[in-house]
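What follows is one structure encoded as structure tokens, with my remarks underneath.
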Amino acid sequence: MTSPDAPALIVGLGNPGPRYAGNRHNIGFLVADELADRIGGSFKAHKSGGEIVEGRLRDRRVVLLKPRSYMNLSGGPVSGAAKFFKTTPDSVVVVHDELDLPYGTIRLKRGGGNNGHNGLRSISKSLGTKDYLRVRFGIDRPPGRMDPADYVLKDFSGAERKELAYFVDRCADATEALVTDGLESAQNSFH
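Note that our numbering gives residue 121 to position 120 of the sequence shown, counting from 1, and the numbers run on in steps of one.
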């Protein structure tokens, strides 16, 4: 069980560097940046292998984490930060892209499979459990026969970018509700 003063650890998944900044796979970074703006903090390097911001969302202490590793190695920074802040997996929230949901759809859940997502696979392995909270942001399936691995590393389309700021804001709202109101309440509000 998480100690009473341990923060929720909100992990935004993405790949580091400007080359990947606008990719569909980086939606977690975009949501983490929005939450950092709400807290009034800026990301700073941390010994866990990520960049963090500490603060409060309403009455809940939180740590925002953007791993500096590539997606498929996200587990190391996540488990390192969880250990450092004494946060157990039940208080870890991972914000990530989801191919099996229509663009902009937000779904919240605890646990489940990795569904081919290498970031989730790495986190589950490093934490030793799949039983952590997930904020799934729909990016839709790739068109035609495009390889999903190529699709997630492409930037959002022009049409998608027109609504992206709205959806990022809504996903940040859902993440905030998840850590402050609990899973069931947040699901009732955002599903």
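Beta carbons: idealized from backbone N, C-alpha and C, even for Gly.
- Less than 9 Å divides the Cβ of residue 64 from the Cβ of residue 82.
- Taken through DSSP and simplified to helix, strand or coil, residue 109 comes out as strand.
- In the three-state reduction of the DSSP assignment, residue 42 falls in the coil class.
- Membership of residue 84 in the alpha helix (DSSP H) is indicated by the continuous run 76-85.
- If you ignore the 5 residues before and after residue 103, its C-beta comes within less than 8 Å of the C-beta of 139 and 141, all in its own chain and listed in chain order.
- DSSP lists 11 and 134 as the bridge partner or partners of residue 94.
- In the structure shown, residue 182 falls within a helical segment according to DSSP collapsed to helix, strand and coil.
- Contact holds between the region 52-59 and the region 177-185, because three or more Cβ pairs, one in each stretch, are under 8 Å apart.
- The Cβ atoms of residue 67 and residue 51 sit closer than 9 Å to each other.
- Comparing C-alpha distances from residue 106 to each of 28, 19 and 12 shows the shortest one belongs to 28.
- Looking from the CA of residue 125, the closest CA among 76, 158 and 117 belongs to 76.
- One thing to note: residue 20 has its Cβ no nearer than 9 Å to the Cβ of residue 155.
- Of the other Cβ atoms in all chains shown, 16 or more fall within 10 Å of the Cβ of residue 78; this residue is therefore buried.
- According to DSSP, residue pairing for residue 141 in a beta bridge does not occur.
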